[in-house]
Amino acid sequence: MAGQEFGHHLGLPRALSGLPLSPLVPGYGALATAQHAAGLRHLGEVLAAGPGGLRVLDGLFVPAGARGLRRVDVPLLEALAGSADPAVAPLAERLAELHRADPQAPRRVVLYQLINLLQDRPEGRRDALARTLGVHPSETAGLLAAARLRPRLDRRQREAAESLADARAQGRLHRLRALLDRLPAGTADPALAAVRAEAAERLRAAEDALRAGRRAEERGDREAASAGYLWALHAACDDRRALGGLVRVHGRTPTLGTALRADHVEVRWQDNREPPGEWRLLRLYRDGRGRAAVRTVLGSAAATAGPARDTGAEPGTTVRYAALPLRDGRLDGPPLVSRRLLVAPEVSGLVLTDGPERIDCSWHRPPAAAEVTVEHTAPDGRTARLPVTDEGFTATGLAAGGHAFRVVCHYRTPDGRTVPSPGLRATATVHPWPRPVRTLTARPVAGAVRFAWTGAEDAEVRLVAWPDGAPAPGTELRTDALPPPLDWPGPADALCPPPGSYTEVAAVAVRGARALAGPAVGVEAVRPVPGMTAHRLPDGQARIVLDWPEDVPHLVVGWTPVDAAGGGERTVTAHAYRRGGLHLPVGPGAVRVRAASVPRVPGAVVVVPGTSEVLLPADAAVSYHLVRAPRRLLGRGRTLLRVTLTAPGGLPEVPEFVCVARGGTLRPRNATDGTTVLRIPGPELARHGSLERELPAAPCPAPYTLRCFLLGEHAASVRLEEPSLASLVVR
Numbered sequence: 016m017a018g019q020e021f022g023h024h025l026g027l028p029r030a031l032s033g034l035p036l037s038p039l040v041p042g043y044g045a046l047a048t049a050q051h052a053a054g055l056r057h058l059g060e061v062l063a064a065g066p067g068g069l070r071v072l073d074g075l076f077v078p079a080g081a082r083g084l085r086r087v088d089v090p091l092l093e094a095l096a097g098s099a100d101p102a103v104a105p106l107a108e109r110l111a112e113l114h115r116a117d118p119q120a121p122r123r124v125v126l127y128q129l130i131n132l133l134q135d136r137p138e139g140r141r142d143a144l145a146r147t148l149g150v151h152p153s154e155t156a157g158l159l160a161a162a163r164l165r166p167r168l169d170r171r172q173r174e175a176a177e178s179l180a181d182a183r184a185q186g187r188l189h190r191l192r193a194l195l196d197r198l199p200a201g202t203a204d205p206a207l208a209a210v211r212a213e214a215a216e217r218l219r220a221a222e223d224a225l226r227a228g229r230r231a232e233e234r235g236d237r238e239a240a241s242a243g244y245l246w247a248l249h250a251a252c253d254d255r256r257a258l259g260g261l262v263r264v265h266g267r268t269p270t271l272g273t274a275l276r277a278d279h280v281e282v283r284w285q286d287n288r289e290p291p292g293e294w295r296l297l298r299l300y301r302d303g304r305g306r307a308a309v310r311t312v313l314g315s316a317a318a319t320a321g322p323a324r325d326t327g328a329e330p331g332t333t334v335r336y337a338a339l340p341l342r343d344g345r346l347d348g349p350p351l352v353s354r355r356l357l358v359a360p361e362v363s364g365l366v367l368t369d370g371p372e373r374i375d376c377s378w379h380r381p382p383a384a385a386e387v388t389v390e391h392t393a394p395d396g397r398t399a400r401l402p403v404t405d406e407g408f409t410a411t412g413l414a415a416g417g418h419a420f421r422v423v424c425h426y427r428t429p430d431g432r433t434v435p436s437p438g439l440r441a442t443a444t445v446h447p448w449p450r451p452v453r454t455l456t457a458r459p460v461a462g463a464v465r466f467a468w469t470g471a472e473d474a475e476v477r478l479v480a481w482p483d484g485a486p487a488p489g490t491e492l493r494t495d496a497l498p499p500p501l502d503w504p505g506p507a508d509a510l511c512p513p514p515g516s517y518t519e520v521a522a523v524a525v526r527g528a529r530a531l532a533g534p535a536v537g538v539e540a541v542r543p544v545p546g547m548t549a550h551r552l553p554d555g556q557a558r559i560v561l562d563w564p565e566d567v568p569h570l571v572v573g574w575t576p577v578d579a580a581g582g583g584e585r586t587v588t589a590h591a592y593r594r595g596g597l598h599l600p601v602g603p604g605a606v607r608v609r610a611a612s613v614p615r616v617p618g619a620v621v622v623v624p625g626t627s628e629v630l631l632p633a634d635a636a637v638s639y640h641l642v643r644a645p646r647r648l649l650g651r652g653r654t655l656l657r658v659t660l661t662a663p664g665g666l667p668e669v670p671e672f673v674c675v676a677r678g679g680t681l682r683p684r685n686a687t688d689g690t691t692v693l694r695i696p697g698p699e700l701a702r703h704g705s706l707e708r709e710l711p712a713a714p715c716p717a718p719y720t721l722r723c724f725l726l727g728e729h730a731a732s733v734r735l736e737e738p739s740l741a742s743l744v745v746r
């Protein structure tokens with residue numbers, strides 16, 4: 016009747032018979048998404064019909080010339096794909112693919128969309144919309160009639176109509192039947208009727224194969240049962256009964272490897288076919304109502320053999336995996352089946368570390384775990400539950416010996432149950448630990464340092480130098496991780512640190528393989544000051560000569576009277592010493608002069624390796640001058656040399672006094688530069704204090720010059736006061 020009615024109005028008998036209730040093209044959802052992204056209301060706008068308008072009632076036509084028509088075919092669509100707008104060209108290319116597979120497909124899609132657009136408007140407003148859809152004016156009335164007569168689809172029915180072709184292409188017959196059941200029955204869509212008939216026939220064949228498989232399984236014929244289930248699954252790939260039968264038949268010996276990770280299940284298998292093909296990996300489980308459910312893990316048929324990750328398995332559920340071999344999208348043999356697996360991952364990275372009467376445990380908790388519990392078993396067999404954190408636990412007050420722990424993760428299932436994991440068991444031993452070193456002191460002793468400590472009564476105490484800084488006292492250590500003990504040489508109970516070094520010496524209490532860090536003390540060994548000598552100058556001054564130590568910016572030089580109070584100290588820089596030397600106001604008495612490098616680290620125990628000290632005796636001076644006796648009546652008078660020792664505090668050792676004569680008026684340079692004319696031993700000069708000696712009458716031809724010297728090991732401690740050069744020339 017519908018076709019006759021349309022023919023009555025349009026003069027085209029049966030022109031609109033078989034109005035499409037479904038587009039019946041695979042991938043319609045992606046096609047519609049691309050169409051809306053391009054800003055098109057319907058796919059007929061891709062054809063660019065222009066002012067002439069698109070004809071859809073008796074086939075799909077676009078205007079050609081002034082009054083001609085051209086049927087939409089593959090060449091036309093390919094030409095549009097090459098010349099159209101970049102956003103529209105892919106749509107024209109897709110329509111060309113649909114036309115190659117089914118010449119009626121483009122018309123079905125366009126007509127389906129036009130009817131839907133009109134049915135989305137109230138009937139009184141459809142006429143205005145129809146005139147704006149780009150359809151030829153002569154076919155507007157027919158479209159309006161089609162929108163009135165074809166059943167209007169609600170949202171759920173439209174989803175079913177647009178998914179039919181995908182379910183049919185994928186061989187999902189049970190889904191196809193469910194989608195068909197959503198659509199109105201008894202419609203005059205011959206293409207849809209053909210799909211219904213085909214689906215019913217294939218489902219009957221699948222049911223027959225399923226029954227045959229069940230009968231074979233009941234009589235124990237596994238091969239025939241597998242063939243029956245395979246044929247049923249080949250006919251209807253979403254038949255869960257056939258898949259369950261295959262899993263029962265082939266799951267007795269698992270051929271899929273599974274490994275439970277913290278956030279996914281890893282599935283491994285090999286493809287022994289030649290050549291290798293595609294696979295569909297399925298997850299089998301029970302939903303929240305306890306019904307068997309199946310989900311595709313890696314898409315319809317896009318996986319190759321090898322490791323696969325399933326991140327969708329619900330924690331707390333028991334799953335099983337089946338890998339279906341495919342060839343050209345069709346089932347290619349029996350599946351590979353895994354064992355049943357409880358999706359309840361254990362903690363990872365479990366590490367147990369013992370301490371004094373303690374065991375520390377750390378782990379990485381699975382993200383989905385709702386709770387982690389730990390059961391502790393002591394060496395005596397008693398068990399207790401321990402408090403834990405997300406990162407681990409600490410068990411204290413433990414007796415020495417072996418301790419066992421069972422770590423269980425708990426998961427909440429979608430139906431509200433709490434499912435525990437099998438549990439991870441681990442053991443650890445509590446060992447005896449040393450008592451800590453409480454205090455550490457260091458005392459400098461004659462160029463060395465002596466250490467003393469308290470605590471660590473039951474342990475060996477090692478003195479070490481940490482390369483990267485000492486750990487805090489009480490830090491728990493392993494003996495094999497300690498730095499080597501200090502290897503400084505030194506006398507008994509003392510150590511000599513290297514000169515110029517600063518070392519933070521730490522004490523470590525060691526007992527077996529375990530140790531506890533103790534306190535530390537800084538020790539600085541300053542560089543010695545070599546080659547130091549002291550020379551007296553007039554007016555109580557002393558000149559200090561020394562070899563300045565390398566890399567030392569400052570020295571502290573001090574002096575202390577031997578038999579009196581007082582003294583002083585002076586800090587000298589290297590620059591000042593090299594520029595002007597060093598003079599100290601030591602006074603006339605005997606003093607001890609010492610020099611040391613200035614420490615660079617405040618608060619460190621300072622060790623001075625070697626003594627840098629000299630004894631400067633009291634100010635002692637020997638003076639001399641010529642004394643000429645009165646001239647005699649006959650001949651020259653005598654020439655005397657008066658020598659005087661001045662030593663206010665006494666002088667235990669006096670050097671030898673020597674007088675030397677040299678011809679001419681140039682004074683002798685040293686005690687060997689001339690003729691020795693007089694010697695006075697030191698003890699004699701010390702005994703008399705002052706004495707006169709007659710010089711030889713003519714030690715050398717006149718004129719000659721005299722000069723006196725002090726000789727011996729104590730010569731530097733006595734100052735020689737010399738008269739003027741003119742007074743020492745004898746003519």
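With the numbering used here applied, the sequence shown covers 16 to 746. Ideal placement from N, C-alpha and C gives every residue a C-beta, glycine not left out. From a predicted model like this one, the values you see are computed outputs, not experimental measurements.
- For E728, the closest of P667, E386 and R593 by C-alpha to C-alpha distance is P667.
- For Q185, no beta strand (DSSP E) run applies, since DSSP gives it neither H nor E.
- In the structure shown, V560 adopts extended strand secondary structure according to DSSP, grouped into three states.
- A residue is called buried when at least 16 other Cβ atoms come within 10 angstroms of its Cβ; G364 does not meet this threshold and is exposed.
- With a contact defined as Cβ atoms closer than 8 Å, Y336 and V282 qualify at about 5 Å.
- Of the other Cβ atoms in all chains shown, fewer than 16 fall within 10 Å of the Cβ of V577; this residue is therefore exposed.
- A Cβ-Cβ distance of about 6 Å is found for the pair A610 and M547, placing them in contact under the 8 Å criterion.
- Annotation: the region 216-265 contains the following complete segments of the alpha helix (DSSP H) (minimum length 4 residues), in chain order: 237-250 and 255-265.
- The continuous stretches of beta strand (DSSP E) do not include A591, which lies in the alpha helix (DSSP H) extending over residues A589 to G595.
- Taking all protein chains in view, the Cβ of G417 is surrounded by fewer than 16 other Cβ atoms within 10 Å, so the residue is classified as exposed.
- For S37, the secondary structure class from DSSP, reduced to helix, strand or coil, is coil.
- Around A180, the same chain offers L39, V40 and P41 as residues with beta carbons nearer than 6 Å, after the five sequence neighbours per side are excluded.
- If the five residues before and after T333 are omitted, its C-beta is found closer than 6 Å to the C-beta atoms of R355 and L357, all from its own chain and listed in chain order.
- Beta-bridge analysis with DSSP links G527 to no other residue.
- By the neighbour-count criterion, in which 16 or more other beta carbons inside 10 Å mark a residue as buried, Q285 falls on the exposed side.
- The Cβ atoms of A214 and R237 do not sit closer than 8 Å to each other.
- Counted as a single uninterrupted DSSP element, the alpha helix (DSSP H) harbouring S98 occupies residues V89 to S98.
- The three-state reading of DSSP puts A471 in coil, since its state is none of H, G, I, E or B.
- The count of Cβ pairs closer than 8 Å, one atom from the region 196-215 and one from the region 56-71, stays below three, leaving the stretches out of contact.
- Residue V613 holds the alpha-carbon nearest to the alpha-carbon of W563 among V613, G583, A524 and A530.
- Taking a cut-off of 8 Å on C-beta distances, the region 404-415 does not touch the region 428-441, as fewer than three cross pairs fall below it.
- Apart from the 5 residues on each side of it in sequence, V422 sits with its Cβ closer than 6 Å to the Cβ of V362, V389 and L439 in its chain, given in chain order.
- Beta-bridge partners of H425 (DSSP): E386 and P435.
- Following the DSSP letters along the chain, one finds A45 inside the alpha helix (DSSP H) bounded by residues Y43 to A52.
- Listed in chain order, the non-local C-beta contacts of R450 below 7 Å within the same chain comprise G470, A471, E472, D473, A474 and A524, local neighbours out to five positions each way being set aside.
- The region 388-403 makes no contact with the region 455-468; the number of CB pairs closer than 8 Å stays below 3.
- In the assembly as shown, H379 is an exposed residue. Its beta-carbon has fewer than 16 other beta-carbons within 10 Å.
- Assignment of S739 by DSSP, reduced to helix, strand and coil, places it in the coil class.
- Per DSSP, the unbroken alpha helix (DSSP H) holding R122 starts and ends at A120 to Q134.
- In the same chain as E386, and ignoring 5 residues on each side of it, the C-beta atoms closer than 7 Å to its own belong to H425, in chain order.
- The region 264-281 makes no contact with the region 300-310, as fewer than three CB pairs between them are under 8 Å.
- Note: L191 is not bridge-paired with any residue in the DSSP secondary-structure output.
- For the options R211, Y127 and H446, the alpha carbon positioned closest to that of L367 is the one of H446.
- Residue pairing from DSSP leaves G201 without any beta-bridge partner.
- Pairing A530 with L492 gives a Cβ-Cβ distance under 8 Å.
- R310 and V61 have their C-alpha atoms some 37 Å from each other.
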